[in-house]
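Visitor: Numbering (our numbering) for the sequence shown: 513 to 618.
From the three backbone atoms N, C-alpha and C, an ideal C-beta is built for every residue, glycine too.
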Amino acid sequence: MSAEFNALLNNLAHLTVSRTGEAKGSTNGKTSWLHAIAEALGEKLGDLAKSMVANSKLAGSSNEKVAAGATARLTADSQLFSMYMNAVSTVLKSIGEGNSAMARKQ
Numbered sequence: 513m514s515a516e517f518n519a520l521l522n523n524l525a526h527l528t529v530s531r532t533g534e535a536k537g538s539t540n541g542k543t544s545w546l547h548a549i550a551e552a553l554g555e556k557l558g559d560l561a562k563s564m565v566a567n568s569k570l571a572g573s574s575n576e577k578v579a580a581g582a583t584a585r586l587t588a589d590s591q592l593f594s595m596y597m598n599a600v601s602t603v604l605k606s607i608g609e610g611n612s613a614m615a616r617k618q
């Protein structure tokens, strides 16, 4: 999971840096950096969802070894999806609330 997390952070950093010129507010129609963070985290969730769908199809296999392996991977992917979804929710909520607090103080 460490390699996956590092890849996620690298994707996040890349998206954030590549969109720096775009993060000038919503009035210009471009994506904000908060959207870039959400998109990067959402990509990982999408990958896990695709893996869950593929493994759910294999879990119904008539080959017991294939079905057992797919079921185990499906269970692991489901747990990872849940953990990432909770993390995404927490990250976006924390950043949003922090931005709101900063805006009130200005």
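Helix, strand or coil: how does DSSP classify T602 here?
Guide: Here T602 sits in helix by DSSP.
Visitor: If we call anything under 8 Å between Cβ atoms a contact, is Y596 one with K556?
Guide: Yes. Within cutoff.
Visitor: Quick one: measure Cβ to Cβ for F593 and L546, integer angstroms, because I've assumed they're closer than 8 Å.
Guide: Between L546 and F593 the Cβ distance is about 22 Å, and since that is not below 8 Å, they are no contact.
Visitor: Where does T583 sit, in a helix, a strand or coil, going by DSSP?
Guide: Three-state DSSP puts T583 in a helix.
Visitor: Identify whether Q591 lies in helix, strand or coil by the three-state DSSP scheme.
Guide: Q591 falls in the helix class under three-state DSSP.
Visitor: Between K536 and G554, what straight-line distance do the alpha-carbon atoms span, to the nearest angstrom?
Guide: Interpretation of K536 is limited by its pLDDT of 43, a score under 50 that renders its predicted location unreliable; no figure is taken from the coordinates.
Visitor: Taking the continuous alpha helix (DSSP H) assigned at S573, which residues delimit it?
Guide: Counting along the chain, S573 falls outside any alpha helix (DSSP H), and DSSP gives it neither H nor E.
Visitor: Does S544 come out as helix, strand or coil in the three-state DSSP assignment?
Guide: S544: coil per DSSP, three-state reduction.
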